[in-house]
Each structure stands twice: as structure tokens, then as C-alpha cells.
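In the numbering used here, the protein residues as written are 4 to 198.
Presented below is the structure to which this report refers.
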């Protein structure tokens, strides 16, 4: 599997950028409706890219937690060419995403789920903020998550990168990255341990 180190740098800038947006949003909107923020608030970044903020535990889940020192999982997806993505498949992606958001409220360690476009109208990425990295083990047993991995991702994405780590003093400290290339059967998987 080939990968470009410059792409990694862009991944981390993107993840920091959307974490910073979440932090600014929370500071500026201290009276957001809890029910709304648990299901998702849609907005735009200054350059017009779409962003969605979901706080499964509400604002209370982030009380006394610094967003500058928190665990994360970052998902960077690269969609297949548009002509390969049917409307049915796109609908399935949104259905699964909605079910995942519902499931997040059952996992107290999942504090935030932020989705944003990496370019206007282009591919997106997700940032999940966690109380502990142990939450990942629990989350990997979720049937909806398994369905997304098995049934949706291979048809929707050409490749993905999934970063695990921690924001420390506002900077990314990535522990590992999982690369999946769906151009192979079975998909080519590679794990890079950074620390």
C-alpha cells in the first residue's frame, strides 16, 4: 500500500481544525438546547465547508474536560468516484450514520462526534472525542459499527485512514494509524504505530 506523508500532515491539521471549531462553538453558545446538540447541529466553517457537531452526552459530558487534552479517533475517508456511488448507497450511508449517532448515547465515554467536509462539497472526515481510549474496545463490539465497516465502507470508499491518539496541549499525539485500501479483495490493511 502506498501513502503520502504529506497527506498525514493534512489529516492532523484537519482534525485540529474541527476540534478547534467545536471548542469555539461551545464557548460562544453556552445555552444550546441539549436535545438538539445530542442529535446534531449543522453549520458552516468560514470557508463554506459543512460541519456537524454531535454531543451524545450533551454539554454535560464535556464539563470539566479540556478539549486541549483529550483522546481522539480521527476518520479520513476517500470516496470512490461519483459514478460508482448510487443514490441507494448514499442513502444507506446516511441511515447508518443516524443509527451510529443514536448508539453513541449508550456509550458514556464518547463525548463528541464531529463530521466536516475536507473540501467544499468533497470528501469528509470525522473526529470522535473520548474520555478514554478504552472506549474504542467497547465501540468495536457495536453491531451497527460492524455493519458500517462490512457492508458500507467497501462500497463507498476507495481508502480510509483511521488515526488514534490524544490531543496534548492543543497538538496531536497520534499513537497509531490504520490504513485500509478497498481496491483489493480482501481489502489491504496496514497499521502504523507512531509512538
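Every residue, glycine too, gets a C-beta built ideally from N, C-alpha and C.
Small disclaimer: the values here were computed from a predicted structure and weren't measured.
- Excluding its 5 nearest sequence neighbours in each direction, residue 126 has C-beta neighbours in its own chain below 7 Å: 80, 81, 82, listed in chain order.
- Assignment of beta-bridge partners to residue 42 by DSSP yields no partner.
- In this structure the stretch 175-188 touches the stretch 153-167; the number of beta carbon pairs closer than 8 Å is three or more.
- In this structure, the CA atom of residue 119 is about 9 Å from the CA atom of residue 48.
- Less than 8 Å divides the Cβ of residue 123 from the Cβ of residue 50.
- Between residue 170 and residue 131, the CB-CB gap reaches or exceeds 8 Å.
- Each of 56, 31, 194, 178 was checked against the Cα of residue 15, and the nearest Cα belongs to 178.
- Residue pairing by DSSP puts residue 53 in a beta bridge opposite 47.
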